[in-house]
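773 is the number of the first residue of the sequence shown in the working numbering; add one for each residue after it. All C-beta atoms, glycine included, are put in the ideal place defined by N, C-alpha and C. The structure under discussion appears below in the form of structure tokens.
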Amino acid sequence: MMIFNYIFKNNIVKNFGVYTITSVISQALPFFLLPVLTVYLTPFEYGFIGIFQVLLSFSIAFVGMGMSSNITRNFFNKDKKDIAVLISNLVVILLIMTCILSFGIFLYSYFLGSPFGMPFRWMIFLPIIAFMNMLSQFNLTILRNNKKSFQYGFLEILKTFFGLMISILLVVIYLYGWEGRLYGILFAEIFIGVIGIVVLFREGYIIFNIDKKIMREILTVSVPLIFHTMSITIIMLSDRFFLDKMIGKDAVGLYTVGYQFGMIMLLIITAFNNVWGPWIYEQFANINLKKKKKIVIFTYLYNIFVIFLAVFIAFASSFLIKYIIAKEYYSGSIFVIWISLSYAFWGMYTIIFPYLVHVKKTYFLGIMTTVTAVLNLLLNYYFIRNNGAIGAAQSTLISYMILYIFVWIYVQKIYPMPWFSFLKFKKINAFHR
């Protein structure tokens, strides 16, 4: 009873509920677009969408450098003016990184041609989409930290709905093919990015004051996160590159569809992290033993929950997939259990990630995720060669398991928590204020 009183009193359930509903709607809308896309697009064409999404994820990882974490890390121990100056410096760095990426893409495309047969115009759109995505992320981070979950949810759903309406119009009515879906992504990101920067200005969260000290602090935390986010993106998405080269775009299309079912896990993980991130940084601002025990218990409950949820999603998907997508995509169901469990370990990793950001040990994340990413590339090659397309999903699961275990061990070393001592007590005193 004390647990539930604590949770309700702190609005955790309300915010988690809003974020969960938001994630469900945001992910369900493109999920229910699958019957449309799989009718109008072949697995080969769908493979182009999958490849573009991979390239976009790399672009966001490079341009964004995990910079949103700087906002949350400072939000609870600095005043609004300081946060406004911080965000202004983040925008300047973001603009510089966008220019660097644009120049790099231009040089690569000029001398080597567009990779994976992707038209040049879509390569040029990548840094634009990444820039607008990060602007919207800055705004969403402020909303989340201010516990404005309804406004956060509205913008997330609006972006998804806007993008899907354009996609349906261009794919179904004007027959733009796979490019119609990409135009939907492009226009939606620009639309919400513009809203984000306007809201930040209007709410006084941007005060242009270039501060070298703040810049150095941002880069100290965020530069290692380039390697971290790029490596995570490799672990998460490189499987499609291997499938494309070793088997073909048909395999990428089937894998992408099966992957979307496994990504249902991401709904709950994202919703939880939207609550967990601000909450745990708030605890770090004034930590004590009781709060540590509270964090540990929440962590254990969450870990147990995501494992059971992954198994349930895989079981349910095996029945539902035949009623949702076109027949030629049915074989994509074999990937769901592997991807669901992969995201379970990813979810467990993300809730210990804030420890390293808090103590400014992000360099370890860069090292560990880079090592894991290299291992993932080797595993992809080995398992796909020996097991076929299912090997891509298997390598992803193994990589996330290894990453979680080693990061957890390091976190315990640099920021000891009572992971086992609390089991000696029958009463959950950690939830007393």
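**Request:** With distances taken Cα to Cα, identify the nearest neighbour of residue 1001 among 832, 1032 and 1184.
**Result:** Measuring from the Cα of residue 1001, the nearest candidate turns out to be 832.
**Segment contact, 8 Å Cβ cut-off, at least three pairs: the stretch 1131 to 1150 with the stretch 1097 to 1114** = As far as the Cβ criterion goes, the stretch 1131 to 1150 does not touch the stretch 1097 to 1114, which means the pair count is below three.
**Asked** Are there 16 or more other CB atoms within 10 angstroms of the CB of residue 1197, so buried, or fewer, so exposed?
**Response** Low confidence applies to residue 1197: its pLDDT is 48, below 50, so where it sits in the model is not reliable, and the reading given next is rough at best. So residue 1197 counts as exposed.
**Prompt:** What's the C-alpha gap between residue 862 and residue 1158?
**Reply:** Spanning the two alpha carbons is a distance of roughly 45 Å.
**Buried versus exposed call for residue 820 [16 or more other C-beta atoms within 10 Å across all chains shown]** = The residue in question, residue 820, is buried, as its Cβ has 16 or more Cβ neighbours within 10 Å.
**Asked** Fully enclosed by the stretch 900 to 933, which alpha helix (DSSP H) runs are 4 residues long or longer?
**Response** Fully enclosed alpha helix (DSSP H) runs of 4 or longer: not present.
**Message:** Along the chain, where does the alpha helix (DSSP H) containing residue 846 start, and where does it finish?
**Reply:** Its alpha helix (DSSP H) spans residues 840 to 847.
**Request:** Could you check if residue 1032 is buried or exposed, using at least 16 other CB atoms within 10 Å of its CB as the buried criterion?
**Result:** Buried.
**Prompt:** Mind checking if residue 1099 is an interface residue toward chain C, Cβ cutoff 9 Å exclusive?
**Reply:** The question asks about chain C, but that chain is absent: this structure has only one protein chain.
**Request:** Determine the burial state of residue 992: buried for a count of at least 16 other Cβ atoms within 10 Å of its Cβ, exposed for fewer.
**Result:** By the 10 Å Cβ count, residue 992 comes out exposed.
**Asked** Where does residue 1191 fall in DSSP's three states?
**Response** Three-state result, residue 1191: coil.
**Request:** Alpha carbon to alpha carbon, how far is residue 866 from residue 961? Give it in angstroms, no decimals.
**Result:** Rounded to whole angstroms, residue 961 and residue 866 show a C-alpha spacing of 16 Å.
**Request:** On a CA-only basis, which of 959, 1067, 1180 and 1037 is nearest residue 1051? Give me that one, please.
**Result:** That would be 1067, whose Cα lies nearest to the Cα of residue 1051.
**Prompt:** Should residue 1043 be labelled buried (16 or more other beta-carbon atoms within 10 Å of its own) or exposed?
**Reply:** A residue is called buried once 16 or more other Cβ atoms fall within 10 Å of its Cβ, and residue 1043 is buried on that count.
**Message:** Under DSSP, the alpha helix (DSSP H) around residue 1075 begins and ends at which residues?
**Reply:** First-last of the alpha helix (DSSP H) with residue 1075: 1061 to 1096.
**Item:** Nonlocal neighbours in the same chain, by C-beta distance under 6 Å from residue 1113, ignoring five residues either side
**Value:** Excluding positions up to five away in sequence, the list reads 1082 and 1169.
**Item:** Same chain, Cβ closer than 6 Å to residue 932, neighbours up to 5 away in sequence not counted
**Value:** Take residue 932, set aside five residues on each side of it, and the residues of its chain with a beta-carbon closer than 6 Å to its own are 798 and 801, in chain order.
**Asked** Is the stretch 1019 to 1033 in contact with the stretch 1169 to 1178, if contact means three or more CB pairs nearer than 8 Å?
**Response** Taking 8 Å as the limit for Cβ pairs, the verdict is that the stretch 1169 to 1178 does not touch the stretch 1019 to 1033.
**Message:** Let me check understanding here. Comparing Cα to Cα, which of 899, 1149 and 919 lies closest to residue 791?
**Reply:** When only C-alpha atoms are compared, the closest one is 919.
**Request:** Less than 8 Å between the CB atoms is what I'm expecting for residue 1007 and residue 1144, so what's the real figure, rounded?
**Result:** Confirmed, Cβ separation roughly 6 Å.
**Message:** As a quick exercise: from 825, 824 and 949, pick the residue whose alpha carbon is nearest that of residue 810.
**Reply:** Nearest C-alpha to residue 810: 949.
**Message:** Counting beta carbon pairs with one atom in the stretch 893 to 909 and one in the stretch 823 to 839, are three or more of them shorter than 8 Å?
**Reply:** With the cut-off at 8 Å, the stretch 823 to 839 and the stretch 893 to 909 touch.
**Prompt:** DSSP state of residue 1017, grouped into three classes?
**Reply:** In the structure shown, residue 1017 sits in a helix (DSSP, three-state: H, G or I).
**Prompt:** Got a sec? Which residues, its chain only, sit under 7 Å from residue 1199 by beta carbon, not counting five neighbours each side?
**Reply:** Its pLDDT being 46, under 50, residue 1199 is placed unreliably by the model, and nothing is read from it.
**Message:** Classify residue 996: buried if its beta carbon has 16 or more other beta carbons within 10 angstroms, exposed otherwise.
**Reply:** Buried is the call here.
**Asked** Where do the N-terminal and C-terminal ends of the alpha helix (DSSP H) with residue 814 fall, by residue?
**Response** First-last for residue 814: undefined, no H or E at that position.
**Asked** Expressed to the nearest angstrom, what Euclidean distance is found between the alpha-carbon atoms of residue 1048 and residue 921?
**Response** Computed Cα separation, rounded: 13 Å.
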